[in-house]
Amino acid sequence: GQQVMQIPQYQHVQEGEDFTTYCNSSTTLSNIQWYKQRPGGHPVFLIQLVKSGEVKKQKRLTFQFGEAKKNSSLHITATQTTDVGTYFCAGSYNNNDMRFGAGTRLTVKP
Amino acid sequence: DAGVTQSPTHLIKTRGQQVTLRCSPKSGHDTVSWYQQALGQGPQFIFQYYEEEERQRGNFPDRFSGHQFPNYSSELNVNALLLGDSALYLCASSRRGTSYNEQFFGPGTRLTVL
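So the sequences go chain by chain: A and B. Note that our numbering has the first sequence beginning at 1, numbered continuously upward. Note that our numbering has the second sequence beginning at 1001, numbered continuously upward.
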C-alpha cells in the first residue's frame, strides 16, 4: 500500500553540526509536508512542497522535493539546541489522504 | 484567535468501553482530520470530515466513527476499546479549497485503555 518511509529513526549531533532526514515513497506524491514535534507537544507545520524538484529554505532549514516526486529531504545547517524534536514528513497521494513517516528524532548536545 | 482545541486532555478507560473525543477547529477552517499517534510513532490518519461528511478514511476499523457539526467542530468515537487503542489522538484543521493545505494540530487527547 501507499506509505512513506523516513530515515534515520534517530540522530544525535553536536551543536553546530548539520542534520538531514530523508523520506521516500514507492509511488508518486501529489505534495509533501514537513512537521516538527517537540517532546510532549503536537506536530507543527513547517512547509509544503508541491512542484517536482522544488527547493525551499527557511533560515537554516532547507527542504527538497525530488524530481520524480517520490522523495524529499530536510537539511538543517549548524544545529542549535532549539532544533531538538522529532521531524516528520507527511505525503499526500490525492491531496486529502496524508501519510506520515515514522519521524526522525533529533537530539543536540550543547 | 484560538487555535485548534481538543477535549479532554487525558482520559482513562477500560477495555470494552466507549469514548468520545472532541475537537474545535481553528477559526476560518472547515475541514477536520483525526489522527492516532502511538508512542514513538508518526500520526496515523483515521478520517477527515468536511461539510459534515466523512470524506477520506484511513485503515481503521468501523469501531472508529466520527461526526462533524454545522459549526465545523468534530467528534471522534471509539467503541469496544482495546488495549491497543491507547495513544495520543490528534485533531488537525485546515481550510478546503485552498491550494495550500496547511494543517494546524491541536494539543491532542491522551487516551489510556486499561
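Glycine included, C-beta positions come from ideal geometry on N, C-alpha and C. The structure presented is a predicted model; accordingly, all values stated were derived computationally and were not measured.
- Under the three-state reduction of DSSP, glycine 103 of chain A is assigned to coil, being neither helix nor strand.
- Between the segment 1010-1030 of chain B and the segment 1075-1083 of chain B there are three or more C-beta pairs closer than 8 Å, enough to call the two in contact.
- Chain-order list of chain A residues neighbouring glycine 1106 of chain B: His42, by C-beta distance under 7 Å.
- Using a 10 angstroms sphere on the CB of leucine 1114 of chain B, the tally of other CB atoms stays under 16, which defines it as exposed.
- Nearest to histidine 1067 of chain B by C-alpha distance, out of B/Phe1060, B/Pro1061, B/Arg1055 and B/Asn1101, is B/Arg1055.
- Taking each of A/Thr20, A/Gly41 and A/Ser30 in turn and checking the Cα distance to leucine 1090 of chain B, the smallest one comes out for A/Gly41.
- DSSP, read as helix, strand or coil, puts glycine 1028 of chain B in coil.
- Of B/His1029, B/Gly1003, B/Thr1005 and B/Pro1008, the smallest CA-CA separation from arginine 1096 of chain B is found for B/His1029.
- Judged by beta-carbon spacing, lysine 109 of chain A lies beyond the 8 Å limit of glutamine 6 of chain A, meaning their Cβ atoms are not closer than that value.
- Interface annotation, leucine 1090 of chain B: in contact with chain A, CB-CB separation under 8 Å.
- Counting only Cβ-Cβ distances below 8 Å, arginine 99 of chain A has contacts in chain B at Phe1045, in chain order.
- 8 Å or more divides the Cβ of aspartate 83 of chain A from the Cβ of phenylalanine 1045 of chain B.
- A direct Cα-to-Cα measurement between glycine 1042 of chain B and leucine 29 of chain A gives close to 18 Å.
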